[in-house]
Amino acid sequence: MKRWASLVLAVEVLGIVVFSAAYDSLDFRIYWLGGQAVTDGAHLYREQLAEHYFTNTPFMAALFTPLAALPLGVARMLWQLSSLAAFVWACALTLRMAGRRAPLVAVVAAGLLLQPVWQSFFLGQVNLLLLALVLADVDRVARGRPAGIGIGIGIATAIKLTPAVFVVLLLLGRRTKDAATATATFAACTLLAFSIAPEASRVYWSRTFYDTSRVGVAYISNQSPYGALTRILRGTAEVGDWYTAIPLTIGVFGLATAALWARRGDWPTATAATGATGLLVSPISWAHHWVWIVPALAVLLRNGHRKSALAAYVVFAVSPLWWTPHGGDPREYGFHVLLTPVANCYLLAGLAFLAYTAIRLRISPPGPSSDRGGRRRPVPCGAASRAVRDPEPVPGG
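Spelled out as structure tokens, the structure:
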């Protein structure tokens, strides 16, 4: 099997290299142009780049300044290979946190077939780097490493705001110092960007970062509750102020669940639940943002739910949402008994996973033990998974 996995992975890597050399990935071109425009006053946010607006932070644009000095094809190849390395790293971290001994080559090969992953390469997106940065921090927490935790999450948040949900996880998981480190890192990166591009930073932080009108909210790829309601109600104007209650409720529920898992020492489940929560509370969660399916699948497999993991893998590999009418087709809008669930399958999968993690709390392993100094030690991931699968018998039960 390992030989076949190696062969499949070799073909996939070759495909990424050839594709990167031949195809002008839209999102990467926007990043590259953003790196050129970041010091040009407010041009970065007030004018379209490659017929689309730059929607990421000024720090993200500043990071692309060195790549923007290279020819587009060379810069794109370096970026895609860096994204591949980040994904391999993320898979290795996921395996270690979940206590699995599966061959890394097989995991990476299977992971590259997931639609959010390969679409990140197709578009030249930043998702895989963010995934690796967050997992690097959480892995250090899970292994009890005391230094440097929070830097990765802080950088990821400075690049794209949605990873800020992991700062909240650190706070709720009683990792106050690490949350402070993440916040300080985010602030330092943001101030650095402000010193490089003061006008662009003022425009972004005063109005652009919360402006969803700059993107197509109703597009089928937006698998957030806001995107689904916009399609069902036939427009953003029909989604009133009452909608605020939905992400607020999901956020409280999801983060509370994740925090309880973190306090039990099960950081893989806490991480996957937080990743799902971040996707569900954001007004824009494009299909390629759902790379958090990787740690979610690891949690399902670790807990022995192979059929559920297989079903989730098929959904995110086949991505049936693209099979439904979209791109302006009238049947994309309104509620249809058969089409609507399929068109919002990522959203439903995320909600189902959050419900799963909450239900599993009832049969979770004991909370983390304490050492003689009173400090709480996380339950080893492998031990936690075994305890979940094989709970101790209850007398009289």
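Residue 285 is where the sequence shown starts when you use my numbering, and the numbers rise one by one after that.
All residues carry an ideal CB built from backbone N, CA and C; glycine is no exception.
Worksheet item: Who pairs with Leu-333 in a beta bridge, going by DSSP?
Response: The sequence position of residue 333 within the sequence shown is 49, counting from 1. In the DSSP output, where bridge partners are listed per residue, Leu-333 has His-336.
Practice prompt. For Ser-304, collect the residues of the same chain with a Cβ closer than 7 Å to its Cβ; drop the 5 residues on either side in sequence, then sort them by chain order.
Written response: In the sequence shown, the residue the question calls residue 304 occupies position 20. Arg-360, Met-361, Gln-364, listed in sequence order.
Item to complete: Using only alpha-carbon positions, find the residue among Tyr-337, Gly-299, Glu-296 that is nearest to Ser-497.
Response: Your numbering for residue 497 matches position 213 in the sequence shown. Of Tyr-337, Gly-299, Glu-296, the residue nearest in Cα terms is Tyr-337.
Worksheet item: Grouping DSSP H, G and I as helix and E and B as strand, with all else coil, what is Lys-444?
Response: Mapped onto the sequence shown, residue 444 falls at position 160. Correct three-state label for Lys-444: coil.
Practice prompt. Decide if Asp-613 is buried, meaning its Cβ has at least 16 other Cβ atoms within 10 Å, or exposed.
Written response: Counted from its first residue, the sequence shown places residue 613 at position 329. Counting Cβ neighbours within 10 Å, Asp-613 comes out exposed, since fewer than 16 surround it.
Worksheet item: CB-CB under 7 Å to Leu-377, same chain, minus the five flanking residues each way: which ones, in chain order?
Response: As a working mapping, residue 377 is identified with position 93 in the sequence shown. Answer for Leu-377: Leu-419, Ala-420, Asp-423, listed in chain order.
Discussion item. Is the beta carbon of Gly-434 closer than 9 Å to that of Ala-463?
Written reply: Numbered from 1 along the sequence shown, position 179 holds the residue referred to as residue 463. Numbered from 1 along the sequence shown, position 150 holds the residue referred to as residue 434. Going by C-beta atoms, Ala-463 is nearer than 9 Å to Gly-434.
Worksheet item: If you draw a straight line from the C-alpha of Lys-286 to the C-alpha of Val-391, how long is it?
Response: Start at 1 with the first residue of the sequence shown, and residue 286 comes out as number 2. Start at 1 with the first residue of the sequence shown, and residue 391 comes out as number 107. For Lys-286 and Val-391, the distance between alpha carbons rounds to 10 Å.
Practice prompt. Please say whether Gly-395 and Gln-507 have beta carbons closer to each other than 9 Å?
Written response: For the purposes of this step, residue 507 is taken as the residue at position 223 of the sequence shown. For the purposes of this step, residue 395 is taken as the residue at position 111 of the sequence shown. Contact: no.
Practice prompt. Might you give, ordered along the chain, the residues of its own chain that have their beta carbon closer than 7 Å to the beta carbon of Arg-380, omitting 5 neighbours on each side?
Written response: Numbered from its first residue, the sequence shown carries residue 380 at position 96. Only Asp-423 meet the Cβ criterion.
Worksheet item: Does DSSP classify Ser-654 as helix, strand or coil?
Response: Within the sequence shown, the letter at position 370 stands for residue 654. Here Ser-654 scores only 38 on pLDDT, less than 50, and its place in the model is too uncertain to base an answer on.
Discussion item. Among Met-344, Trp-576, Tyr-307, Val-301, whose alpha-carbon lies nearest the alpha-carbon of Leu-368?
Written reply: In the sequence shown, counting from the first residue as 1, residue 368 sits at position 84. Among Met-344, Trp-576, Tyr-307, Val-301, the Cα nearest to that of Leu-368 is on Val-301.
Worksheet item: Ser-654 to Leu-456, Cα distance in whole Å?
Response: On the sequence shown, residue 654 is found 370 positions in, with the first residue counted as 1. On the sequence shown, residue 456 is found 172 positions in, with the first residue counted as 1. Residue placement at Ser-654 is flagged as unreliable, the pLDDT there being 38, under the threshold of 50; the coordinate-derived value follows with that caveat. The alpha-carbon atoms of Ser-654 and Leu-456 are separated by roughly 18 Å.
Worksheet entry | Secondary structure of Phe-348, DSSP reduced to three states | Stepping through the sequence shown from its first residue, residue 348 is reached at position 64. Coil.
Practice prompt. Determine the DSSP secondary structure at Thr-341, reduced to helix, strand or coil.
Written response: As a first step, residue 341 is located in the sequence shown; it is residue number 57 there, counting from the start. Reduced to three states, the DSSP call for Thr-341 is coil.
Discussion item. Tell me which residue opens and which closes the alpha helix (DSSP H) that Leu-398 is part of.
Written reply: Taking the sequence shown and counting its residues from 1, the one referred to as residue 398 is at position 114. Per DSSP, Leu-398 belongs to no alpha helix (DSSP H) and is neither H nor E.
Item to complete: Reducing DSSP to helix, strand and coil, say where Arg-385 ends up.
Response: Here the question's residue 385 lines up with position 101 in the sequence shown. Of the three classes helix, strand and coil, the one that applies to Arg-385 here is coil, per DSSP.
Fill in: Residues near Ala-554 by beta carbon distance below 6 Å, same chain, minus five either side
Along the sequence shown, read from residue 1 onward, the residue named residue 554 stands at position 270. For Ala-554, where only same-chain residues beyond five positions count, the Cβ hits under 6 Å are Ala-542, Trp-545, Ala-546.
Discussion item. When you compare the region 500–514 with the region 595–612, are there three or more beta-carbon pairs, one atom per stretch, that lie closer than 8 Å?
Written reply: yes
Worksheet item: How many angstroms separate the CA atom of Gly-325 from the CA atom of Arg-486?
Response: Residue mapping note: residue 325 aligns to position 41 of the sequence shown, counting from 1. Residue mapping note: residue 486 aligns to position 202 of the sequence shown, counting from 1. Cα to Cα, Gly-325 sits roughly 10 Å from Arg-486.
Item to complete: Return the CA-CA distance between Ala-601 and Asp-311, expressed in angstroms with no decimal places.
Response: Residue numbering aside, residue 601 sits at position 317 when the sequence shown is read from its first letter. Residue numbering aside, residue 311 sits at position 27 when the sequence shown is read from its first letter. Looking at the two C-alpha atoms, the distance is approximately 21 Å.
Practice prompt. Count the other C-beta atoms from every protein chain shown that fall within 10 angstroms of the C-beta of Leu-298, then say buried if there are 16 or more, exposed otherwise.
Written response: Taking the sequence shown and counting its residues from 1, one reaches residue 298 at position 14. By the 10 Å Cβ count, Leu-298 comes out exposed.
Fill in: Coarse secondary structure for Gln-364, derived from DSSP in three states
Translated into positions along the sequence shown, residue 364 becomes position 80. In this structure, Gln-364 counts as helix in the three-state DSSP scheme.
Worksheet item: Between the C-alpha atoms of Ala-370 and Ala-416, what's the straight-line distance to the nearest angstrom?
Response: Translated into the one-based positions of the sequence shown, residue 370 becomes position 86. Translated into the one-based positions of the sequence shown, residue 416 becomes position 132. Ala-370 and Ala-416: Cα-Cα distance of roughly 6 Å.
Fill in: Rounded separation between Ser-290 and Val-389 - CA only
What you label residue 290 is simply residue 6 of the sequence shown in a count that begins at 1. What you label residue 389 is simply residue 105 of the sequence shown in a count that begins at 1. Taking the straight line joining both Cα atoms gives about 6 Å.
Worksheet item: Which word fits Val-536, buried or exposed, when buried means at least 16 other C-beta atoms lie within 10 angstroms of its C-beta?
Response: Residue mapping note: residue 536 aligns to position 252 of the sequence shown, counting from 1. Val-536 comes out exposed.
Discussion item. Let me check understanding here. Comparing Cα to Cα, which of Ser-569, Tyr-597, Ala-540 lies closest to Ala-639?
Written reply: Along the sequence shown, read from residue 1 onward, the residue named residue 639 stands at position 355. It is Ala-540 whose Cα lies nearest to the Cα of Ala-639.
Worksheet item: Anyone know if the C-beta pair for Ala-636 and Ala-512 falls short of 9 Å?
Response: Counting from one through the sequence shown, the residue named residue 636 turns up at place 352. Counting from one through the sequence shown, the residue named residue 512 turns up at place 228. No. Outside cutoff.
Worksheet item: From Leu-445, Thr-474, Val-295, Tyr-329, pick the residue whose C-alpha is nearest to that of Leu-397; which is it?
Response: For the purposes of this step, residue 397 is identified with residue 113 of the sequence shown, where counting begins at 1. Out of Leu-445, Thr-474, Val-295, Tyr-329, Val-295 has the C-alpha closest to the C-alpha of Leu-397.
Worksheet item: Val-575 and Asn-411: beta carbons closer than 9 Å?
Response: Translated into the one-based positions of the sequence shown, residue 575 becomes position 291. Translated into the one-based positions of the sequence shown, residue 411 becomes position 127. In contact: Val-575 and Asn-411 (Cβ atoms closer than 9 Å).
Worksheet item: Straight-line CA distance for Ala-346 to Ile-314?
Response: One-based indexing of the sequence shown puts residue 346 at position 62. One-based indexing of the sequence shown puts residue 314 at position 30. So the alpha carbons of these two residues sit roughly 13 Å apart.
Worksheet item: Which residue's Cα is closest to the Cα of Leu-632: Thr-561, Cys-375, Glu-616?
Response: Within the sequence shown, numbered from 1, the residue matching residue 632 stands at position 348. For the residues Thr-561, Cys-375, Glu-616, the minimum Cα distance to Leu-632 belongs to Thr-561.
Practice prompt. Confirm, please, whether the CB-CB distance from Gly-318 to Ala-352 is below 9 Å.
Written response: Counting from one through the sequence shown, the residue named residue 352 turns up at place 68. Counting from one through the sequence shown, the residue named residue 318 turns up at place 34. Yes, these two residues count as a Cβ contact at 9 Å.
Fill in: Cβ-Cβ distance between Ala-484 and Pro-342 below 9 Å
As a first step, residue 484 is located in the sequence shown; it is residue number 200 there, counting from the start. As a first step, residue 342 is located in the sequence shown; it is residue number 58 there, counting from the start. Yes.
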